[in-house]
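Asker:
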Amino acid sequence: MQMYAYVLSCIHGVEMNDKRGNEVFAMLIKRESSIPIYQQIADDISDMIENGKMQKGDRLPTEFELVDKYDVSRATVRKAISQLVEKDMISVSPGKGMFIKNPVIEMDFNELRGIYEILAMQGLETHTEVIGYDKVIPPPYISKNLELPVNEEVFSIERIYYVDKQPLAFSTVYFPSELEFTESQVQEKKIYDLMQNELSIVLDKAKYTIKVSQAKEYLNDLLDNDSNTPFLKMERTTFCTKKQPRESTVAYFRSDKYQFNFSITKTGEINI
1 MQMYAYVLSC IHGVEMNDKR GNEVFAMLIK RESSIPIYQQ IADDISDMIE NGKMQKGDRL
61 PTEFELVDKY DVSRATVRKA ISQLVEKDMI SVSPGKGMFI KNPVIEMDFN ELRGIYEILA
121 MQGLETHTEV IGYDKVIPPP YISKNLELPV NEEVFSIERI YYVDKQPLAF STVYFPSELE
181 FTESQVQEKK IYDLMQNELS IVLDKAKYTI KVSQAKEYLN DLLDNDSNTP FLKMERTTFC
241 TKKQPRESTV AYFRSDKYQF NFSITKTGEI NI
């Protein structure tokens, strides 16, 4: 019995080389080490993720491919994978495979900022795509949020937010028809920028509502979301210093990639 088994690990499927054809990783499984073999495998994959040799969103080899590459039993591979899942480093999608998990993106509710700004401030590779800019009759609750008569037309902007080229969120921004912008302005700037820099509106505060929502199928397709995974639904209405509502947004976030944080300050006696 050999003391060591020489293993070549890979990034994509059964490939053993990176996109430039270079060898990606070489590892020695220490059969007689006090460290369990499943732990060595988990550490090996973990190191490749942390060192950038495996990228966020990359698919791991299948269980059988890992069995072959590490020359171990399927039970050992499964134990290593379970440990990585518990550490929130990989995700398992039935019928699709195992993937390097993207870190959960956070949104703090302690300052008035737009979605794009929050993502960019975290150093994330972020871009947006405007897929609609129209005059519409909004849902009644949006009219109420904007303090407008029911059936009065407003402008709406539909936008997809991407992080690391993967869809993260979809938003629809509604605002009064008196605040009209050109198509190019909407494409180039976000709603807070437009209102503050183009119209000199001083935005003061926003009211948020967060819900869990099973979105429509078209949103699952749009954001590449698993149909069994609910969305985080955010409703936001922003007010100017004159206490007028200037916009009302409905946004859906992938719950496997996003979380909301709240910072609350004590204002009086606490009773539990």
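Heads up, the final residue of the sequence shown is numbered 272 in full-length UniProt numbering, and it's a clean run with no missing numbers.
Glycine included, every Cβ here is placed at the ideal spot set by N, Cα and C.
Going residue by residue through the region 123 to 208, where are the continuous beta strand (DSSP E) segments of at least 3 residues, counting only ones entirely within it?
Answerer: For the region 123 to 208, whole beta strand (DSSP E) runs of length 3 or above, ordered along the chain, are 126 to 136, 154 to 163 and 166 to 176.
Asker: Which runs of the alpha helix (DSSP H) at least 4 residues long sit entirely within the UniProt domain "HTH gntR-type" (35 to 103)? Give them in chain order.
Answerer: Listed in chain order, they are 37 to 50, 63 to 70 and 74 to 86.
Asker: If you draw a straight line from the C-alpha of residue 35 to the C-alpha of residue 254, how long is it?
Answerer: Sequence index remark: in the sequence shown, residue 35 carries index 35 (1-based). Sequence index remark: in the sequence shown, residue 254 carries index 254 (1-based). Taking the straight line from one Cα to the other gives about 37 Å.
Asker: Run through the DSSP bridge pairs and tell me what residue 261 is partnered with.
Answerer: Within the sequence shown, the letter at position 261 stands for residue 261. DSSP lists 108 as partners of residue 261.
Asker: For the beta strand (DSSP E) containing residue 232, name the first residue and the last one.
Answerer: Numbered from 1 along the sequence shown, position 232 holds the residue referred to as residue 232. Note, residue 232: beta strand (DSSP E), 231 to 240.
Asker: Could you please give the first and the last residue of the uninterrupted beta strand (DSSP E) stretch that includes residue 251?
Answerer: On the sequence shown, residue 251 is found 251 positions in, with the first residue counted as 1. Where residue 251 is concerned, the enclosing beta strand (DSSP E) stretches over 245 to 254.
Asker: At what residues does the alpha helix (DSSP H) containing residue 223 begin and finish?
Answerer: The residue you call residue 223 lines up with position 223 of the sequence shown. Unbroken run through residue 223: none, as it is neither H nor E.
Asker: Kindly indicate which residue of 260, 74 and 161 has the alpha-carbon position closest to the one of residue 187.
Answerer: Here the question's residue 187 lines up with position 187 in the sequence shown. If we check each option's Cα against that of residue 187, 161 comes out closest.
Asker: What do you get for residue 194, buried or exposed, if any count of 16 or more other CB atoms within 10 angstroms of its CB means buried?
Answerer: Position 194 of the sequence shown, counted from the start, is the residue given in the question as residue 194. Classification for residue 194: buried.
Asker: Hey, residue 179 and residue 148: beta-carbon distance below 8 Å or not?
Answerer: Position 179 of the sequence shown, counted from the first residue, corresponds to residue 179. Position 148 of the sequence shown, counted from the first residue, corresponds to residue 148. Contact flag unset, no.
Asker: Check whether the region 95 to 114 and the region 132 to 150 are in contact - that is, three or more C-beta pairs closer than 8 Å.
Answerer: With the cut-off at 8 Å, the region 95 to 114 and the region 132 to 150 do not touch.
Asker: Name the two residues that bound the continuous alpha helix (DSSP H) containing residue 298.
Answerer: Nothing can be reported for residue 298, as the shown portion of the chain is limited to 1 through 272.
Asker: Quick check on the burial criterion: 16 or more other C-beta atoms within 10 angstroms. Buried or exposed for residue 155?
Answerer: For the purposes of this step, residue 155 is taken as the residue at position 155 of the sequence shown. Classification of residue 155: buried, given that the 10 Å Cβ count is 16 or more.
Asker: Is the distance from the Cβ of residue 237 to the Cβ of residue 207 below 8 Å?
Answerer: Counting from one through the sequence shown, the residue named residue 237 turns up at place 237. Counting from one through the sequence shown, the residue named residue 207 turns up at place 207. Contact flag set, yes.
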